[in-house]
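Here is the structure we will look at, set down as structure tokens.
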Amino acid sequence: MIEIRDLDKRYGDFHVLKRCSTSVAKGEVVVVCGPSGSGKSTLIKCVNGLEPFDSGTITVDGISVGDRRTDLPKLRARIGMVFQNFELYPHMTVTRNICLAQEKVLGRSRDEAEAKAASLLARVGLSDQAHKHPGQLSGGQQQRVAIARALAMDPIAMLFDEPTSALDPEMISEVLDVMVELAQEGMTMMVVTHEMGFARKVAGRVVFMDCGEIVEDADTASFFGSPRSPRAQAFLSKILDHV
Amino acid sequence: MSFDLGVILDALPFLAQGLGLSLLLTVLAAAGGIVLAVLLALMRLSGFRALRLVSAAYVNFFRSMPLILVIFWFFFLVPLIIGRPVGGFYSALIAFTLFEAAYYSEIVRAGIQSVSKGQVAAAYATGMRYGATMRFVVLPQAFRNMTPVLLTQAIILFQDTSLVFVVSLRDFMTASTIVARNEGRLVEMYVFAAAVYFVICFSGSMWVRRLQRKHAT
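Going down the list, the sequences are from chains A and B.
Position one of the first sequence corresponds to residue 1 (the numbering used here), numbered consecutively onward.
Position one of the second sequence corresponds to residue 1001 (the numbering used here), numbered consecutively onward.
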């Protein structure tokens, strides 16, 4: 579904991504982790072309992201993305947030879009918040709305860029629950996160990045059981010691 | 010399007409100026160098010109271009609109830049294109942020409409001057004119301040 080959990117002198290669198969959940500044957010933003890259290739469902002839908006409409800071539109109600792209991109009627919004809000447990503005919701609620907004486009894959990093601890699980459910339903997911519990539970593979490199790319059991690289071992011991 | 309120009362209908013209010019030029300003701001922020240069040249040009010159200019230039006289009102309206657009565009540009890049990324991520992203996501938020500044600029524009006397239009200031001269009551009329400008502009500023407070919460 998602194929990343030799992806390379620099910001001036700073080498953000160094020949990164990995893939996400249909129905697979891949967690990308690593210390901050390791390039994992940049990597995931390259997948739907929000970040340009210098060399290498990314294909999603066979379509090349870096190809100038690719209609990027059309491709992005099929890939859901959830951001660290939710990025809900503050001037619209929750329902309008979920309907906007359905109407403007997919050409759905208002009724159709609102019906879809209602069913997705029910799914993320926020039916009673439909007419509120994002500013009236908690972080966890906002992120669940953001997930609903992405799902409203019936995506073939979902990208999550640190979806719980901006949340208060008590709100993390409500968002993770929605993501776990999504994973169990067979959604193709690429998730940048530090939530190792989530990775253990639903990830098929874990990609570990450090300093712009993919240091380790292994199935979940072997990543947690016997990480090969010293850097992954150090990272794991640091974050798992506190669990 | 006594202060004669009678002069003012007698001239009220005439003065009201002048005020009507001032307000009409302000509203139309502000509306037209803002529309043009959005276009200029989007050009200024676009990825195309040529568009950026054209917009920057426009803004810098008009900001370097005295307004009164621009008004004169269009009064004489527009008839040359379209081949017939358009009258003081339309030439003044065009001049104000084009002139104000240069100032408004800097406000709009700042407004657009005040909307976080993450909002644009979120809209793009759902497949929305540039036009829809601007129209439904960025500009509504930008306008909410910049309404107070736009209104402040409109208040200045209202004051500047007094310049249309140069093309023989009777705005409020001109009407006051005419009455003052005809009746020989300069003190009454100019005090009254000042009071009217003050009330309108000051209420406008109060409104702006209220909007800002509301926005801050």
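A virtual CB, placed ideally from N, CA and C, is assigned to each residue, including glycine.
| Using the C-alpha atoms, what's the distance from Arg200 of chain A back to Ala221 of chain A? | Counting from 1 along the first sequence, the entry for residue 221 of chain A is found at position 221. Counting from 1 along the first sequence, the entry for residue 200 of chain A is found at position 200. Roughly 8 angstroms separates the two Cα atoms.
| Quick one: is Met1128 of chain B near chain A, going by C-beta distance under 8 angstroms? | If you number the second sequence from 1, residue 1128 of chain B lands on position 128. True, the Cβ-Cβ gap to chain A drops below 8 angstroms.
| At least one CB of chain B closer than 8 angstroms to the CB of Glu87 of chain A: is that the case? | Counted from its first residue, the first sequence places residue 87 of chain A at position 87. Chain B contact via Cβ: present.
| field | Distance between Glu87 of chain A and Gln1119 of chain B (C-alpha atoms, nearest Å) | value | Sequence index remark: in the second sequence, residue 1119 of chain B carries index 119 (1-based). Sequence index remark: in the first sequence, residue 87 of chain A carries index 87 (1-based). Here the alpha carbon of Gln1119 of chain B sits roughly 6 angstroms from the alpha carbon of Glu87 of chain A.
| query | Looking at Val206 of chain A and Cys33 of chain A, is the spacing between their C-beta atoms short of 8 angstroms? | reply | Within the first sequence, residue 33 of chain A is the residue found at index 33, counting from 1. Within the first sequence, residue 206 of chain A is the residue found at index 206, counting from 1. Yes, these two residues count as a Cβ contact at 8 angstroms.
| task | State buried or exposed for Glu195 of chain A, treating a residue as buried only when at least 16 other CB atoms are found within 10 Å of its CB. | result | The residue labelled residue 195 of chain A in the question sits at position 195 within the first sequence. Burial call: buried.
| Nearest-angstrom Cβ-Cβ length linking Ala77 of chain A and Leu100 of chain A, presumed shorter than 8 angstroms | Locating residue 77 of chain A in the first sequence gives position 77, where the first residue counts as 1. Locating residue 100 of chain A in the first sequence gives position 100, where the first residue counts as 1. Going by Cβ atoms, the distance from Ala77 of chain A to Leu100 of chain A rounds to 12 angstroms, so no, they are not a contact pair.
| message | Less than 8 angstroms between the beta carbons of Gly139 of chain A and Met171 of chain A, yes or no? | response | Locating residue 139 of chain A in the first sequence gives position 139, where the first residue counts as 1. Locating residue 171 of chain A in the first sequence gives position 171, where the first residue counts as 1. In this structure, Gly139 of chain A sits near Met171 of chain A, with a CB-CB distance shorter than 8 angstroms.
| CB-CB length for Val1166 of chain B against Ile1068 of chain B, believed under 8 angstroms | For the purposes of this step, residue 1166 of chain B is identified with residue 166 of the second sequence, where counting begins at 1. For the purposes of this step, residue 1068 of chain B is identified with residue 68 of the second sequence, where counting begins at 1. Correct: roughly 6 angstroms between the Cβ atoms.
| query | Among the residues of its own chain, which have a CB less than 8 angstroms from the CB of Ala1056 of chain B, if the five just before and after it don't count? | reply | One-based indexing of the second sequence puts residue 1056 of chain B at position 56. Setting aside the 5 residues that flank it on each side, Ala1056 of chain B is surrounded in the same chain by Arg1044, each with a C-beta closer than 8 angstroms to its C-beta; the list follows chain order.
| Who are the neighbours of His91 of chain A on chain C, taking C-beta pairs under 7 angstroms? | The structure shown contains no chain C; its protein chains are A and B.
| Can you list, in chain order, the residues of its chain whose CB lies under 8 angstroms from that of Pro90 of chain A, leaving out five sequence neighbours each side? | Numbered from its first residue, the first sequence carries residue 90 of chain A at position 90. Residues His133, Pro134 and Gly135 of the same chain have their beta carbon placed closer than 8 angstroms to that of Pro90 of chain A, with the five preceding and five following residues left out of the count.
| field | Buried versus exposed call for Arg1084 of chain B [16 or more other C-beta atoms within 10 Å across all chains shown] | value | If you number the second sequence from 1, residue 1084 of chain B lands on position 84. By the neighbour-count rule (16 or more Cβ atoms within 10 Å), Arg1084 of chain B is not buried but exposed.
| said: Can you find the residues in the same chain that come closer than 7 angstroms, C-beta to C-beta, to Ile147 of chain A, ignoring five residues on each side of it along the sequence? | reply: Locating residue 147 of chain A in the first sequence gives position 147, counting from the first residue. For Ile147 of chain A, where only same-chain residues beyond five positions count, the Cβ hits under 7 angstroms are Val82, Val124 and Val178.
| query | Hey, Gln143 of chain A and Pro163 of chain A: beta-carbon distance below 8 angstroms or not? | reply | As a first step, residue 143 of chain A must be located in the first sequence, where it is residue number 143. As a first step, residue 163 of chain A must be located in the first sequence, where it is residue number 163. Taking 8 angstroms as the Cβ cut-off, Gln143 of chain A and Pro163 of chain A qualify as a contacting pair.
| Among A:Phe223, A:Gln102 and A:Val29, which residue has its Cα nearest to the Cα of Leu159 of chain A? | Position 159 of the first sequence, counting from 1, holds the residue named residue 159 of chain A. Checking every option, the nearest Cα to that of Leu159 of chain A belongs to A:Val29.
| request: Out of A:Gly186, A:Leu151, A:Ser36 and A:Phe14, state which residue places its alpha-carbon closest to the alpha-carbon of Thr193 of chain A. | output: On the first sequence, residue 193 of chain A is found 193 positions in, with the first residue counted as 1. Measuring from the Cα of Thr193 of chain A, the nearest candidate turns out to be A:Ser36.
| field | Contact set between Gln1119 of chain B and chain A, taken where Cβ atoms lie within less than 8 angstroms | value | To locate residue 1119 of chain B, count along the second sequence from 1; it is residue 119. Those within 8 angstroms of Gln1119 of chain B in chain A are Glu87 and Tyr89.
| According to DSSP, is Asp6 of chain A helix, strand or coil? | As a first step, residue 6 of chain A must be located in the first sequence, where it is residue number 6. Strand, per DSSP.
| said: So, with DSSP's three-state summary, where would you put Cys1201 of chain B? | reply: If you number the second sequence from 1, residue 1201 of chain B lands on position 201. Reduced to three states, the DSSP call for Cys1201 of chain B is helix.
| message | With distance defined between alpha-carbon atoms, name the residue in A:Asp154, A:Ser119, A:Val94 and A:Ser64 nearest to Leu137 of chain A. | response | Locating residue 137 of chain A in the first sequence gives position 137, where the first residue counts as 1. Ranking the options by Cα distance to Leu137 of chain A, first place goes to A:Val94.
| query | Applying the criterion that 16 or more other CB atoms from any shown protein chain within 10 Å of the CB defines a buried residue, is Leu17 of chain A buried or exposed? | reply | To locate residue 17 of chain A, count along the first sequence from 1; it is residue 17. Burial call: buried.
| From the DSSP output, which residues share a beta bridge with Glu216 of chain A? | Translated into the one-based positions of the first sequence, residue 216 of chain A becomes position 216. DSSP, once it has assigned bridges, lists A:Phe208 as partnering Glu216 of chain A.
| message | Just to confirm before moving on: does the CB-CB distance between Ile1155 of chain B and Ser1205 of chain B stay below 8 angstroms? | response | Within the second sequence, the letter at position 155 stands for residue 1155 of chain B. Within the second sequence, the letter at position 205 stands for residue 1205 of chain B. By the CB criterion at 8 angstroms, Ile1155 of chain B and Ser1205 of chain B fall inside the cutoff.
| said: Please report the distance separating the alpha-carbon of Leu1093 of chain B from that of Ser1162 of chain B. | reply: Indexing the second sequence from 1 puts residue 1093 of chain B at position 93. Indexing the second sequence from 1 puts residue 1162 of chain B at position 162. Distance between the alpha carbons of Leu1093 of chain B and Ser1162 of chain B: 13 angstroms.
| said: In this structure, how does DSSP classify Lys238 of chain A when only helix, strand and coil are distinguished? | reply: Residue 238 of chain A sits at position 238 when you count from the first residue of the first sequence. Lys238 of chain A: helix per DSSP, three-state reduction.
| request: Look up Ala157 of chain A in the DSSP assignment and give the residues it is bridged to. | output: Residue 157 of chain A sits at position 157 when you count from the first residue of the first sequence. BP columns for Ala157 of chain A point to A:Ile79.
| DSSP three-state assignment for Tyr1090 of chain B, whether helix, strand or coil | As a working mapping, residue 1090 of chain B is identified with position 90 in the second sequence. Residue state, collapsed to three classes: helix.
| query | What do you get for Leu1019 of chain B, buried or exposed, if any count of 16 or more other CB atoms within 10 angstroms of its CB means buried? | reply | Along the second sequence, one-based indexing puts residue 1019 of chain B at 19. Flag for Leu1019 of chain B reads buried.
| field | Local conformation of Tyr11 of chain A per DSSP, three classes | value | On the first sequence, position 11 is the one that residue 11 of chain A refers to. It is a strand residue.
| request: Could you name the residues of chain A that Ala1125 of chain B contacts, counting a contact when the two beta carbons are closer than 7 angstroms? | output: Locating residue 1125 of chain B in the second sequence gives position 125, where the first residue counts as 1. In chain order: Asn48, Leu50, Arg76 and Met81.
| task | Return helix, strand or coil for Lys18 of chain A, following the three-state DSSP convention. | result | Walking along the first sequence from the start, residue 18 of chain A turns up at place 18. The DSSP-derived three-state label of Lys18 of chain A is strand.
| said: Could you check whether Val1138 of chain B and Ala1115 of chain B sit closer than 8 angstroms to each other, using their CB atoms as the reference points? | reply: Taking the second sequence and counting its residues from 1, the one referred to as residue 1115 of chain B is at position 115. Taking the second sequence and counting its residues from 1, the one referred to as residue 1138 of chain B is at position 138. Reading the sequence as shown, one finds Val at residue 1115 of chain B and not Ala. Their beta carbons are under 8 angstroms apart, which means Val1115 of chain B touches Val1138 of chain B by this criterion.
| query | Could you give the distance in angstroms between the alpha-carbon of Ser109 of chain A and the alpha-carbon of Glu103 of chain A? | reply | Numbered from its first residue, the first sequence carries residue 109 of chain A at position 109. Numbered from its first residue, the first sequence carries residue 103 of chain A at position 103. Ser109 of chain A and Glu103 of chain A have their C-alpha atoms spaced approximately 6 angstroms apart.
| Which of helix, strand or coil DSSP assigns to Thr59 of chain A | To locate residue 59 of chain A, count along the first sequence from 1; it is residue 59. When DSSP states are grouped into helix, strand and coil, Thr59 of chain A belongs to the strand group.
| message | Is the beta carbon of Val60 of chain A closer than 8 angstroms to that of Ala150 of chain A? | response | Position 150 of the first sequence, counting from 1, holds the residue named residue 150 of chain A. Position 60 of the first sequence, counting from 1, holds the residue named residue 60 of chain A. Against a cut-off of 8 angstroms, the Cβ pair of Val60 of chain A and Ala150 of chain A comes out as no contact.
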